[in-house]
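J.: To start, I am sharing the structure in question, which I have written as structure tokens.
2 protein chains.
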Amino acid sequence: MASKKGREKRRTDRPAGIREMAETLGVSIGTVDRALHDRPGISPATRRMVLGLAEKLGYRPNVAARLLSSRRRRRVAVLFPREIASFWDLVRDGVFDIARSLQPNGVEVVYRPHPSLVEGEVEALEEALREDFQGILLAPGQPRRVEPLIREAGRRGIAVICVNTDAPGSDRMCTVSVDAAACGGLADELMGRFLGGQGKVVVVTGFSSTVDHAEKQQGFIRALRDGFPSIELAAVVEAHDDETEAYLKCVDTFASVADLAGVYVTTANSPPVMRALAARKRANLTTTITSDLFPALVPLIQTGHIAATIDQRPWIQGQIAYRTMYSHLIEGVRPPPFVRLAPHVVMRSNLSLSLARMAAGDELATPAPGAPVGA
Amino acid sequence: MASKKGREKRRTDRPAGIREMAETLGVSIGTVDRALHDRPGISPATRRMVLGLAEKLGYRPNVAARLLSSRRRRRVAVLFPREIASFWDLVRDGVFDIARSLQPNGVEVVYRPHPSLVEGEVEALEEALREDFQGILLAPGQPRRVEPLIREAGRRGIAVICVNTDAPGSDRMCTVSVDAAACGGLADELMGRFLGGQGKVVVVTGFSSTVDHAEKQQGFIRALRDGFPSIELAAVVEAHDDETEAYLKCVDTFASVADLAGVYVTTANSPPVMRALAARKRANLTTTITSDLFPALVPLIQTGHIAATIDQRPWIQGQIAYRTMYSHLIEGVRPPPFVRLAPHVVMRSNLSLSLARMAAGDELATPAPGAPVGA
DNA sequence: TTGAAAGCGATACCAC
DNA sequence: GTGGTATCGCTTTCAA
Numbered sequence: 002m003a004s005k006k007g008r009e010k011r012r013t014d015r016p017a018g019i020r021e022m023a024e025t026l027g028v029s030i031g032t033v034d035r036a037l038h039d040r041p042g043i044s045p046a047t048r049r050m051v052l053g054l055a056e057k058l059g060y061r062p063n064v065a066a067r068l069l070s071s072r073r074r075r076r077v078a079v080l081f082p083r084e085i086a087s088f089w090d091l092v093r094d095g096v097f098d099i100a101r102s103l104q105p106n107g108v109e110v111v112y113r114p115h116p117s118l119v120e121g122e123v124e125a126l127e128e129a130l131r132e133d134f135q136g137i138l139l140a141p142g143q144p145r146r147v148e149p150l151i152r153e154a155g156r157r158g159i160a161v162i163c164v165n166t167d168a169p170g171s172d173r174m175c176t177v178s179v180d181a182a183a184c185g186g187l188a189d190e191l192m193g194r195f196l197g198g199q200g201k202v203v204v205v206t207g208f209s210s211t212v213d214h215a216e217k218q219q220g221f222i223r224a225l226r227d228g229f230p231s232i233e234l235a236a237v238v239e240a241h242d243d244e245t246e247a248y249l250k251c252v253d254t255f256a257s258v259a260d261l262a263g264v265y266v267t268t269a270n271s272p273p274v275m276r277a278l279a280a281r282k283r284a285n286l287t288t289t290i291t292s293d294l295f296p297a298l299v300p301l302i303q304t305g306h307i308a309a310t311i312d313q314r315p316w317i318q319g320q321i322a323y324r325t326m327y328s329h330l331i332e333g334v335r336p337p338p339f340v341r342l343a344p345h346v347v348m349r350s351n352l353s354l355s356l357a358r359m360a361a362g363d364e365l366a367t368p369a370p371g372a373p374v375g376a
Numbered sequence: 002m003a004s005k006k007g008r009e010k011r012r013t014d015r016p017a018g019i020r021e022m023a024e025t026l027g028v029s030i031g032t033v034d035r036a037l038h039d040r041p042g043i044s045p046a047t048r049r050m051v052l053g054l055a056e057k058l059g060y061r062p063n064v065a066a067r068l069l070s071s072r073r074r075r076r077v078a079v080l081f082p083r084e085i086a087s088f089w090d091l092v093r094d095g096v097f098d099i100a101r102s103l104q105p106n107g108v109e110v111v112y113r114p115h116p117s118l119v120e121g122e123v124e125a126l127e128e129a130l131r132e133d134f135q136g137i138l139l140a141p142g143q144p145r146r147v148e149p150l151i152r153e154a155g156r157r158g159i160a161v162i163c164v165n166t167d168a169p170g171s172d173r174m175c176t177v178s179v180d181a182a183a184c185g186g187l188a189d190e191l192m193g194r195f196l197g198g199q200g201k202v203v204v205v206t207g208f209s210s211t212v213d214h215a216e217k218q219q220g221f222i223r224a225l226r227d228g229f230p231s232i233e234l235a236a237v238v239e240a241h242d243d244e245t246e247a248y249l250k251c252v253d254t255f256a257s258v259a260d261l262a263g264v265y266v267t268t269a270n271s272p273p274v275m276r277a278l279a280a281r282k283r284a285n286l287t288t289t290i291t292s293d294l295f296p297a298l299v300p301l302i303q304t305g306h307i308a309a310t311i312d313q314r315p316w317i318q319g320q321i322a323y324r325t326m327y328s329h330l331i332e333g334v335r336p337p338p339f340v341r342l343a344p345h346v347v348m349r350s351n352l353s354l355s356l357a358r359m360a361a362g363d364e365l366a367t368p369a370p371g372a373p374v375g376a
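As given, the protein sequences belong to chains A and B, one line each in that order.
So in the working numbering, spot 333 of the first sequence is number 334, and the numbers just go up one at a time.
So in the working numbering, spot 269 of the second sequence is number 270, and the numbers just go up one at a time.
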């Protein structure tokens, strides 16, 4: 582009705004605004005219101006369980980290934790619906019970995004989660190759009623059947995310399975399972694959007692969930019904990297308080 | 100033802006601005006063207003090679996808591809420096040669971010890349467990002079020594990212190694290696781990000929590089000197997920043209 | 050294 | 239906 030397940064390259469009059409900016936003009080002819020009010019609204002038308040409720602290805390951190970096003044985020995945959730949602929220981030531990509430939200134009686990029948706008079947499949593929394609394995799961847990289990079993037919699924232990229950059941089950080769734990409830394993003789010969990543697992991964863990990337889930909500609220984007993340395989050699992110909480630096624009 | 009825409705919950601060201190907003931005023309006492209040109120500037009022244009140049299209194209997509969703009008992104990783890069950078850019995203294929140019950029206050590979001696603001040593370590750990801790393996690499390749190779070898002493490293093939060279050398090498159990390819140059493998008898018994993810690998992963590939997440790298540049330019954030991503393990069961992202290019929906604000 | 005022590009109201 | 105009919170410039 060497037509002229020297810098002529005139307004030629500046994108057209509603003002210019109004001028060229000989109407007012109010009219242009009405046309662009499909607001009432404008004749079809005028609207077509405006929209035509907008299209022709490739008009794109200035987000900053819109944000600045819009007086609507946008509030998002974050309703996550406090239970299994490390996981949901990371999801929450992901939400707040990205919220902070994405237009500090655009959206107000309100955090309302409830006691556990299956406790207080309905109440929290009910309360949120009584207030003035335009968006809700939710972890539907009991899909059935929250379904009608989500429907109610939908009726009132409140966007609901489910995080980490779905509420299938409801009309939630979108669900952000890792692909649970892929978690199971990955666990199976690793297990199959680690075991050389044969041996007896046990699956320890949480609630078979929770969509997420069920999908992982099924993904594992299906992949087992398809990919490693010589591996035998000796037992499925349903431990309801309870430490004691998991320990006792596992001690029993492991005792009853001779030549136990592998164990796959589909939830974060793996420490009691590891304890039950450790109590056995020749515990080292068992290949264990767990889920999620939290402090208690670190030494077990380092020593190799856990061969791999399938991380669900909670921090990223939070980030994406909030970003999805944000672009919906601010830019009017309708997200796809599912955003499925790929699970991460964490082993000894990449453990420190995953931990670093867990501690620092960020792949990106965080803005300083009153940071200057330039330089 | 006609005082109407509506004006009395002061929102007390709205965060304080420079106007309020100016009012309470009895100064003008200009003075507050000068203090906050360390601009000249203000007495130290006044500045302290203002900064004190700002701190006390937890003042945070309104990004939208800042963006709207600031007349400075911010342009960033994206200088990536056109070579190894699938990889760098994905990096570029990551940049543009996030740039589109992040304040469309804030920053102008200019894409200037050059012929290959080691060709045209210097010229592209020189040209960019002649123009008016405030930020540059760069893939320093020849660190030595671009180093002085990066220095020059630094002198002129232009932020340079290196993507995927570093320019060690230069004063680039930041380098975004996957942890190459972790790639190697992960490959080794998988290999070791897949092979049951013993057997002969061959490593195929690119240039031992390239930092990235060397680190992967070393990571692999170190992990081998530490974690799986019974596995024997039979050979290291340096193929210089050349198809023919790789094929010929591999055919030779593979022929000379009896009982070849595993192969690890540290670069994207794996197809000729796979061809060399396929030519052997009992090729199925060899466990292969490759790097990166591109169309040619897909069928090989699906059939299990490739057990796993270590993905460097190019799309995410692009995203993060741009986000880092953006927060620097807009919010004045100084990023850490390194942003290291964890590599991804891609196997058959999560292949489709990784491919989906490769195709769709986004974990997040993209804004519609003139999309409305509200629901 | 400081104050006052003019924008930036939208939205949300008025009044016709 | 339409046109006008006052914001929004900040940057920038010109006066004092």
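Backbone N, C-alpha and C fix where the C-beta goes; we use that ideal spot for every residue, glycine too.
It should be emphasised that the depicted structure is a prediction, and the values quoted were computed from it without experimental measurement.
Are the C-beta of phenylalanine 81 (chain A) and some C-beta of chain B separated by less than 8 Å?
T.: For the purposes of this step, residue 81 (chain A) is identified with residue 80 of the first sequence, where counting begins at 1. Not closer than 8 Å to any Cβ of chain B, the Cβ of phenylalanine 81 (chain A) fails to qualify, so no.
J.: If we count the other Cβ atoms within 10 Å of its Cβ and call it buried at 16 or more, is valine 111 (chain B) buried or exposed?
T.: Along the second sequence, one-based indexing puts residue 111 (chain B) at 110. It counts as exposed.
J.: Let me know if glutamine 135 (chain A) comes out buried or exposed under the rule of 16 or more other beta-carbons within 10 Å of its beta-carbon.
T.: Your numbering for residue 135 (chain A) matches position 134 in the first sequence. With 16 or more other Cβ atoms within 10 Å, it is buried.
J.: Among B:Asp98, B:Ala17, B:Glu148 and B:Pro41, whose alpha-carbon lies nearest the alpha-carbon of threonine 316 (chain B)?
T.: Against the second sequence, residue 316 (chain B) aligns to sequence position 315. The question names threonine, but residue 316 (chain B) is tryptophan in the sequence shown. That would be B:Asp98, whose Cα lies nearest to the Cα of tryptophan 316 (chain B).
J.: Does any CB atom of chain B fall closer than 8 Å to the CB of valine 346 (chain A)?
T.: Position 345 of the first sequence, counting from 1, holds the residue named residue 346 (chain A). Output row for valine 346 (chain A): interface = yes.
J.: Tell me whether the segment 336–351 of chain A and the segment 174–186 of chain A touch, counting them as touching only if at least three CB pairs, one residue from each stretch, are closer than 8 Å.
T.: yes
J.: Suppose you measure from the CA of serine 70 (chain B) to the CA of glutamate 24 (chain A); what does that come to, to the nearest Å?
T.: Within the second sequence, the letter at position 69 stands for residue 70 (chain B). Within the first sequence, the letter at position 23 stands for residue 24 (chain A). Looking at the two C-alpha atoms, the distance is approximately 22 Å.
J.: Quick one: measure Cβ to Cβ for tyrosine 265 (chain A) and alanine 188 (chain A), integer angstroms, because I've assumed they're closer than 8 Å.
T.: Translated into the one-based positions of the first sequence, residue 265 (chain A) becomes position 264. Translated into the one-based positions of the first sequence, residue 188 (chain A) becomes position 187. Yes, they are in contact, since the Cβ atoms of tyrosine 265 (chain A) and alanine 188 (chain A) sit about 5 Å apart, within 8 Å.
J.: Identify whether alanine 304 (chain B) lies in helix, strand or coil by the three-state DSSP scheme.
T.: Counted from its first residue, the second sequence places residue 304 (chain B) at position 303. The question names alanine, but residue 304 (chain B) in the sequence shown is threonine. DSSP, reduced to helix, strand and coil, places threonine 304 (chain B) outside both helices and strands of the structure shown, so it counts as coil.
J.: Which word fits aspartate 312 (chain B), buried or exposed, when buried means at least 16 other C-beta atoms lie within 10 angstroms of its C-beta?
T.: Start at 1 with the first residue of the second sequence, and residue 312 (chain B) comes out as number 311. Looking at its Cβ environment, which holds 16 or more other Cβ atoms inside 10 Å, aspartate 312 (chain B) is buried.
J.: Near threonine 287 (chain A), what residues of its chain come up, given a Cβ to Cβ distance below 7 Å and the 5 sequence neighbours on each side ignored?
T.: For the purposes of this step, residue 287 (chain A) is identified with residue 286 of the first sequence, where counting begins at 1. Contacts found: Leu261, Ala262, Gly263, Val264 and Leu278.
J.: Taking only three categories from DSSP, how would you classify glycine 362 (chain B)?
T.: Translated into positions along the second sequence, residue 362 (chain B) becomes position 361. Residue placement at glycine 362 (chain B) is poorly supported in this model, since its pLDDT is 38, which falls under 50; the coordinates still yield a value, given next. In this structure, DSSP gives glycine 362 (chain B) a state outside helix and strand, which the three-state scheme calls coil.
J.: For lysine 201 (chain B), write down the residues that DSSP places opposite it in a beta bridge.
T.: Here residue 201 (chain B) refers to the residue found at position 200 of the second sequence. B:Glu233 and B:Leu261, per the DSSP bridge assignment.
J.: Relative to the C-alpha of glycine 95 (chain A), which candidate in A:Ala236, A:Thr291 and A:Leu138 has its C-alpha closest?
T.: What you label residue 95 (chain A) is simply residue 94 of the first sequence in a count that begins at 1. Closest by alpha carbon: A:Leu138.
J.: For a contact meaning CB atoms closer than 8 Å, what does phenylalanine 88 (chain B) contact in chain A?
T.: Counting from one through the second sequence, the residue named residue 88 (chain B) turns up at place 87. Going along chain A, no residue has its Cβ under 8 Å from phenylalanine 88 (chain B), so there is no contact; the nearest lies around 18 Å.
J.: Over what stretch of residues does the alpha helix (DSSP H) that includes leucine 330 (chain A) continue unbroken?
T.: Position 329 of the first sequence, counted from the start, is the residue given in the question as residue 330 (chain A). Per DSSP, leucine 330 (chain A) belongs to the alpha helix (DSSP H) from 315–332.
J.: Just checking: is the beta-carbon of asparagine 285 (chain B) within a distance shorter than 8 Å of some beta-carbon in chain A?
T.: On the second sequence, residue 285 (chain B) is found 284 positions in, with the first residue counted as 1. With 8 Å as the cut-off, asparagine 285 (chain B) does not count as an interface residue toward chain A.
J.: Tell me, to the nearest whole angstrom, how far the beta carbon of valine 123 (chain A) is from that of valine 147 (chain A); I am working on the premise that it is less than 8 Å.
T.: Numbered from its first residue, the first sequence carries residue 123 (chain A) at position 122. Numbered from its first residue, the first sequence carries residue 147 (chain A) at position 146. 6 Å between Cβ atoms; contact.
J.: Of the residues A:Val28, A:Leu68, A:Cys251 and A:Val79, which one's Cα is nearest the Cα of alanine 322 (chain A)?
T.: If you number the first sequence from 1, residue 322 (chain A) lands on position 321. Ranking A:Val28, A:Leu68, A:Cys251 and A:Val79 by Cα distance to alanine 322 (chain A) puts A:Val79 first.
J.: Measure from the C-beta of alanine 154 (chain B) to each C-beta in chain A and report whether the shortest distance is under 8 Å.
T.: Translated into the one-based positions of the second sequence, residue 154 (chain B) becomes position 153. Alanine 154 (chain B) does not count as touching chain A.
J.: Taking threonine 47 (chain A) as part of the alpha helix (DSSP H), name the residues at either end of that continuous run.
T.: For this step, residue 47 (chain A) is matched to residue 46 along the first sequence. Residues 45–58.
J.: How is alanine 17 (chain A) classed by DSSP in three states: helix, strand or coil?
T.: Your numbering for residue 17 (chain A) matches position 16 in the first sequence. Here alanine 17 (chain A) carries a coil assignment [DSSP, helix/strand/coil].
J.: Do leucine 234 (chain B) and valine 202 (chain B) have their C-beta atoms closer together than 8 Å?
T.: In the second sequence, the residue the question calls residue 234 (chain B) occupies position 233. In the second sequence, the residue the question calls residue 202 (chain B) occupies position 201. Yes.
J.: Exposed or buried, what is serine 231 (chain B) when buried is set at 16 or more other beta-carbons lying within 10 Å of its beta-carbon?
T.: As a first step, residue 231 (chain B) is located in the second sequence; it is residue number 230 there, counting from the start. Looking at its Cβ environment, which holds fewer than 16 other Cβ atoms inside 10 Å, serine 231 (chain B) is exposed.
J.: Tell me alanine 160 (chain B)'s beta-bridge partners as DSSP assigns them.
T.: On the second sequence, position 159 is the one that residue 160 (chain B) refers to. In the DSSP output, where bridge partners are listed per residue, alanine 160 (chain B) has B:Gly136.
J.: Looking at C-alpha atoms only, which residue of B:Val92, B:Glu21 and B:Leu118 is the closest neighbour of leucine 294 (chain B)?
T.: In the second sequence, the residue the question calls residue 294 (chain B) occupies position 293. Of the candidates B:Val92, B:Glu21 and B:Leu118, the one whose C-alpha sits nearest the C-alpha of leucine 294 (chain B) is B:Val92.
J.: For the segment 188–211 of chain A, which residues have a beta carbon sitting closer than 8 Å to at least one beta carbon of chain B?
T.: Asp189, Glu190, Leu191, Arg194, Phe195 and Gly197
J.: I'd like the span of the alpha helix (DSSP H) that includes phenylalanine 339 (chain A), first residue to last.
T.: As a first step, residue 339 (chain A) must be located in the first sequence, where it is residue number 338. Counting along the chain, phenylalanine 339 (chain A) falls outside any alpha helix (DSSP H), though it belongs to the beta strand (DSSP E) covering 339–342.
J.: Quick check on the DSSP output: the alpha helix (DSSP H) that includes threonine 32 (chain B) runs from which residue to which?
T.: Reading the second sequence from its first residue, position 31 is the one you call residue 32 (chain B). Looking at the DSSP string, the run of the alpha helix (DSSP H) that includes threonine 32 (chain B) is 30–37.
J.: Cα separation between alanine 125 (chain B) and valine 334 (chain A)?
T.: Here residue 125 (chain B) is taken as the residue at index 124 of the second sequence, counted from 1. Here residue 334 (chain A) is taken as the residue at index 333 of the first sequence, counted from 1. Taking the straight line from one Cα to the other gives about 36 Å.
J.: Starting from leucine 294 (chain A), follow the beta strand (DSSP E) in both directions and report where the run begins and ends.
T.: Here residue 294 (chain A) refers to the residue found at position 293 of the first sequence. From DSSP, leucine 294 (chain A) is part of no beta strand (DSSP E); its letter is neither H nor E.
J.: Can you list the residues of chain B that glycine 186 (chain A) reaches, using a CB-CB cut of under 9 Å?
T.: Translated into the one-based positions of the first sequence, residue 186 (chain A) becomes position 185. Result: Met348, Arg349, Ser350 and Asn351.
J.: Have a look at the DSSP bridge pairing and note the partners of arginine 83 (chain B).
T.: Taking the first residue of the second sequence as 1, we reach residue 83 (chain B) at position 82. Paired residues: none, contrary to the question.
J.: What number of angstroms, rounded off, separates the C-alpha of glutamine 52 (chain B) from the C-alpha of proline 296 (chain A)?
T.: On the second sequence, residue 52 (chain B) is found 51 positions in, with the first residue counted as 1. On the first sequence, residue 296 (chain A) is found 295 positions in, with the first residue counted as 1. The identity of residue 52 (chain B) in the sequence shown is leucine, whereas the question assumes glutamine. Roughly 40 Å separates the two Cα atoms.
J.: Could you give the DSSP three-state label for histidine 214 (chain A): helix, strand or coil?
T.: In the first sequence, residue 214 (chain A) corresponds to position 213, counting from 1. Helix.
J.: Report the neighbours of aspartate 180 (chain B) on chain A: residues whose CB is nearer than 8 Å to its CB, in chain order.
T.: In the second sequence, the residue the question calls residue 180 (chain B) occupies position 179. Going along chain A in sequence order, the residues near aspartate 180 (chain B) (Cβ under 8 Å) are Asn351 and Leu354.
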